[in-house]
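Quick notes on the structure that follows.
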Amino acid sequence: MNQEQKTFKNNRKLHVFLLFLILAFGFWMLIKLSRTYTSSVNVNLSYTDLPKNKMLQSEPQSLVKVTLRAVGFTLLKHKFSQKKVEVSLKNSKNKRRSQYYLLSSNVLSSVNNSFSKSEVIAIEPDTLFFELGRSISKKVKVEPDVTIQYKSGYHLSGDLEVDPTYITISGPQSLVDSVIYVATKNLKISDVYDTIHKEIEIISNLKTDKLTYSHDKVLIKGKVEKFTERTIEASLKVKNVPNSYIIKTFPDKVKVVFQVGLSDFNRIDENDFEVVCDYAIIESDGIDYLIPKVIGKPSFVSGIKVIPNKVEFLLEK
79 MNQEQKTFKN
89 NRKLHVFLLF
99 LILAFGFWML
109 IKLSRTYTSS
119 VNVNLSYTDL
129 PKNKMLQSEP
139 QSLVKVTLRA
149 VGFTLLKHKF
159 SQKKVEVSLK
169 NSKNKRRSQY
179 YLLSSNVLSS
189 VNNSFSKSEV
199 IAIEPDTLFF
209 ELGRSISKKV
219 KVEPDVTIQY
229 KSGYHLSGDL
239 EVDPTYITIS
249 GPQSLVDSVI
259 YVATKNLKIS
269 DVYDTIHKEI
279 EIISNLKTDK
289 LTYSHDKVLI
299 KGKVEKFTER
309 TIEASLKVKN
319 VPNSYIIKTF
329 PDKVKVVFQV
339 GLSDFNRIDE
349 NDFEVVCDYA
359 IIESDGIDYL
369 IPKVIGKPSF
379 VSGIKVIPNK
389 VEFLLEK
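According to the numbering used here, the residues represented by the sequence shown are 79 to 395, in order.
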């Protein structure tokens, strides 16, 4: 017998041995899986039949461990196909305030229906706790997150508008009560020289799908125009002057320099600005001059500065 024939014969023996080994293992598995065992599987829960006008206020327990008695084949099938069982809250009981509970034995029939050819021995935990509360709605302000870079010489005329300014949110009371405002996604626009008119998505302050929003987008609007510099003289007022004293300032008027859109250039006069010095700062900071500050101005001006920024004074009885 040559070498090739010997190799072929040895390989055939090996193949026969492996075949019998596989068959033996298969018969052994059949015998094992035909026997009855007790084992645990995980079961997903979904909740139904909520009381009228009530909502789950927080995420309830969504997974329980079920102990089963069944033949090996059945248990093996359950291990690889995780079940989902609906839990009715009709028989739930109030513990205190919004806290409710349900005994796991109340869901036994639903679990049994999901596991045919199996006997349910136990469910862990033995009690399911959850929070039920009212579903409410309220209006909250929209806070836009917008970054604008204007073309040189251009600026926003007036305020940036949000439409709508307020939206309605609805959901569990515990969540709705915690929301003070809703924000938008960040919007960045550059080289702006014309009217702003952009839609922007609202983002949820909380990572939950239990809140609903009356709008998922808002409109950002703003008038943009070319700005120019203008200077006017404004009267100077002083507050917190000591009793029985009269104060004189030098000068009695200051120059207010500001940026204004061309369309509003001729709308402004000195009465639109209120410039005030606070005498109390002299005593608190130990200085011998007044500091003029603009405390009233038109909404459509920007880049304000006062000349001079220090004012001499004289106190007289």
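Cβ atoms here follow ideal geometry from the backbone N, Cα and C, with glycine treated the same way.
- For residue 359, the enclosing alpha helix (DSSP H) begins and ends at 358–363.
- Annotation: residue 181 to residue 163 spans about 15 Å, alpha carbon to alpha carbon.
- Pairwise C-beta distances place the region 257–266 out of contact with the region 309–324, as fewer than three of them are shorter than 8 Å.
- In the structure shown, the three-state DSSP call for residue 321 is coil.
- When the Cα atoms are used, residue 189 and residue 293 turn out to be separated by approximately 40 Å.
- For secondary structure counted as the alpha helix (DSSP H) over 4 or more consecutive residues, the region 168–252 holds these complete runs in sequence order: 186–192.
- In terms of Cβ geometry, residue 350 and residue 235 do not form a close pair [threshold 8 Å].
- The beta carbons of residue 263 and residue 223 sit closer together than 8 Å.
- Residue 135 sits buried, since 16 or more C-beta atoms from the chains shown fall within 10 Å of its C-beta.
- Nearest in C-alpha terms to residue 229, of all of 125, 305, 391, is 305.
- Pairing residue 352 with residue 138, the inter-Cα distance amounts to about 59 Å.
- Bounds of the beta strand (DSSP E) holding residue 335 are 331–339.
- Judged by DSSP in its simplified three-state form, residue 257 adopts coil rather than helix or strand.
- When 266, 376, 297 are compared, the shortest CA-CA separation from residue 346 is found for 376.
- Within the same chain, 120, 121, 122, 123 come within 8 Å of residue 141 by CB-CB distance, once the 5 residues on both sides are set aside.
- Rounded to whole angstroms, the separation of the alpha carbons of residue 126 and residue 165 is 6 Å.
- The bridge partners DSSP lists for residue 311 are 333.
- Here residue 242 is not near residue 211, since their CB atoms are 8 Å or more apart.
- Taking all protein chains shown into account, residue 328 has fewer than 16 neighbouring C-beta atoms within 10 Å of its C-beta and is therefore exposed.
- By alpha-carbon distance to residue 320, the top candidate from 266, 392, 386 is 392.
- Closest in C-alpha terms to residue 325, from the list 226, 358, 339, 129, comes 358.
- Assigned with DSSP and collapsed to three states, residue 344 falls in helix.
- Taking a 10 Å sphere around the C-beta of residue 203, we find fewer than 16 other C-beta atoms and assign the residue as exposed.
- Straight through space, the alpha carbons of residue 386 and residue 362 are spaced by roughly 21 Å.
- Distance from the Cα of residue 323 is smallest, within the candidate group 269, 365, 395, 226, for 395.
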